[in-house]
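Asks: Below is a structure I'd like to ask you about.
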Amino acid sequence: MIEIYNALPLIAQNMVVLLGVVLFKILFNQLSPSLTQQPTFTFYRFYCQQLAAKVNKDKNSDSQRKIAGFISTIITIAPLVIIVWLFEEFIAVPVIWQAILLFFAFGSFNLNRVSKEVANNLAAQDKYQAKQHLSPWLSRDSEQLSPIGISKACIEMLVLRKFQQQFAIGCFFIFLGPLAALSFRLLLETHYSWNIKHHSFSFFGRFINQTMSLLQWLPCRLFLLLLIFTSINKPVLLFWRLTKGLFFQANNSVIVAYLAFILEIKLGGVAMYSKNKIRRISFNDQGQQPQPKDIMAAIEQLNLVMTLAFGILISIVTVIAILVNT
214 MIEIYNALPL IAQNMVVLLG VVLFKILFNQ LSPSLTQQPT FTFYRFYCQQ
264 LAAKVNKDKN SDSQRKIAGF ISTIITIAPL VIIVWLFEEF IAVPVIWQAI
314 LLFFAFGSFN LNRVSKEVAN NLAAQDKYQA KQHLSPWLSR DSEQLSPIGI
364 SKACIEMLVL RKFQQQFAIG CFFIFLGPLA ALSFRLLLET HYSWNIKHHS
414 FSFFGRFINQ TMSLLQWLPC RLFLLLLIFT SINKPVLLFW RLTKGLFFQA
464 NNSVIVAYLA FILEIKLGGV AMYSKNKIRR ISFNDQGQQP QPKDIMAAIE
514 QLNLVMTLAF GILISIVTVI AILVNT
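This note's numbering puts the first residue of the sequence shown at 214, with every later residue one more than the last.
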């Protein structure tokens, strides 16, 4: 097995490592169901919040806040990436180091469990418990969410976190390596901490927001392609005509919009951030308001997407291994 692995090209080796880490991560999360957010990144977000409190001052001009956000991003990410890069030179078995970095770069694989808990709480009309399960995963305010709002927020959280913390990180690992995957996750957590939808970060978080929009653009379109393939029994041409205007925008709106059409529900729209009402774009205004059953449908649809991605990787690795060894 080791000889076959060593004979594979680098990109195929990365795929093998990714497949192994995903399986281990799923098993790890099954054995640790109470562990949701990763402690390492919880501390990192706390650091980002404290740094912003020091340098993102109300008295500063908008330009000063933008510059402060740019500098803060660089001095936060660069030293960590350099340290990890230098430490790699001391590792005797590089593949183990790569697997460890990918393991920590990946987000939680408990998203389905969290979403099912929310759906079950809502079905039992226990809005309080639904909010308790969902709130740690949201950037928006959750205190005033109605059952419909909770369902909508849960579905949006599910698709965006599965894309950002699993699919996109996997893409960066395969094509650019473990350091790129870890760097992307650090940038992502910084983006979460300095989300421009919160008024205090509207200028301070501008640089990290634009950076993440660029980095996610191609993986997002690959994820959209998988969404299309897994909904081939739906009117995909109609859905494409309704969402193609979002395709070239530098954001993730297109996958949220396409999922809204698949599930035949409304997503997006107004949300509260730090007590301020933000009017976001809404998707599929002709659809029904989300219900707990739609959370379960979203889980099933996204499971199909991730299973298809997993199957494609296995097929590619198998074909390459056969070609290399013939």
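Cβ atoms here follow ideal geometry from the backbone N, Cα and C, with glycine treated the same way.
Because the structure is a prediction, the values reported are computed rather than measured.
When you compare the CB positions of residue 355 and residue 337, do they come within less than 9 Å of one another, or not?
Replies: Cβ distance not < 9 Å, so residue 355 and residue 337 don't count as in contact.
Asks: Going by alpha carbons, who is nearest to residue 227 out of 494, 308, 239, 263?
Replies: Per the Cα distances, 308.
Asks: Is it true that the CB of residue 329 sits closer than 9 Å to the CB of residue 478?
Replies: No.
Asks: With DSSP run on the structure shown, which of helix, strand or coil describes residue 482?
Replies: It is a strand residue.
Asks: For residue 495, which three-state DSSP category applies?
Replies: If DSSP states are grouped into helix, strand and coil, residue 495 belongs with the strands.
Asks: Can you find the residues in the same chain that come closer than 6 Å, C-beta to C-beta, to residue 343, ignoring five residues on each side of it along the sequence?
Replies: Once the five neighbours on either side are set aside, the close Cβ partners of residue 343 are 331, 334, 335, 363.
Asks: Counting pairs of beta carbons, one from the segment 280-288 and one from the segment 404-424, are three or more of them closer than 8 Å?
Replies: Counting Cβ pairs under 8 Å, three or more are found: they touch.
Asks: Let me confirm a value: residue 440 is counted as buried when at least 16 other C-beta atoms fall within 10 Å, else exposed. Which label applies?
Replies: Buried: at least 16 other Cβ atoms inside 10 Å.
Asks: Would residue 316 and residue 234 be called neighbours here (beta carbons separated by less than 9 Å)?
Replies: Yes, Cβ-Cβ distance for residue 316 and residue 234 is below 9 Å.
Asks: Checking 9 Å against the spacing of the C-beta atoms, do residue 471 and residue 442 come in under that value?
Replies: Result no, Cβ atoms of residue 471 and residue 442 do not sit closer than 9 Å.
Asks: Could you check whether the segment 503-522 touches the segment 367-377, counting it as contact only if at least three pairs of C-beta atoms, one from each stretch, sit closer than 8 Å?
Replies: Touching, yes, given that three or more Cβ pairs across the two stretches are closer than 8 Å.
Asks: If I follow the unbroken alpha helix (DSSP H) through residue 346, where does it start and stop?
Replies: Element bounds for residue 346: 340-347.
Asks: Give the secondary structure of residue 446 by DSSP, where H, G and I count as helix, E and B as strand, and everything else as coil.
Replies: In the structure shown, residue 446 sits in coil (DSSP, three-state: anything other than H, G, I, E or B).
Asks: Does the segment 479-491 come into contact with the segment 294-311, if we say contact requires no fewer than three beta-carbon pairs (one atom in each stretch) closer than 8 Å?
Replies: Taking 8 Å as the limit for Cβ pairs, the verdict is that the segment 294-311 does not touch the segment 479-491.
Asks: Between the beta-carbon of residue 381 and the beta-carbon of residue 429, is there less than 9 Å?
Replies: Yes; because the gap between Cβ atoms is below 9 Å, this pair is in contact.
Asks: Taking all protein chains shown into account, decide if residue 248 is buried (16 or more other Cβ within 10 angstroms of its Cβ) or exposed.
Replies: The predicted model places residue 248 with a pLDDT of 49, which falls under 50 and marks its position as unreliable; any figure quoted below should be read in that light. Flag for residue 248 reads exposed.
Asks: Going along the chain, which unbroken runs of the beta strand (DSSP E) with 3 or more residues stay wholly within the segment 255-294?
Replies: Listed in chain order, there is nothing to give.
Asks: Taking all protein chains shown into account, do 16 or more other C-beta atoms lie within 10 angstroms of the C-beta of residue 216, making it buried, or fewer, making it exposed?
Replies: Label assigned to residue 216: exposed.
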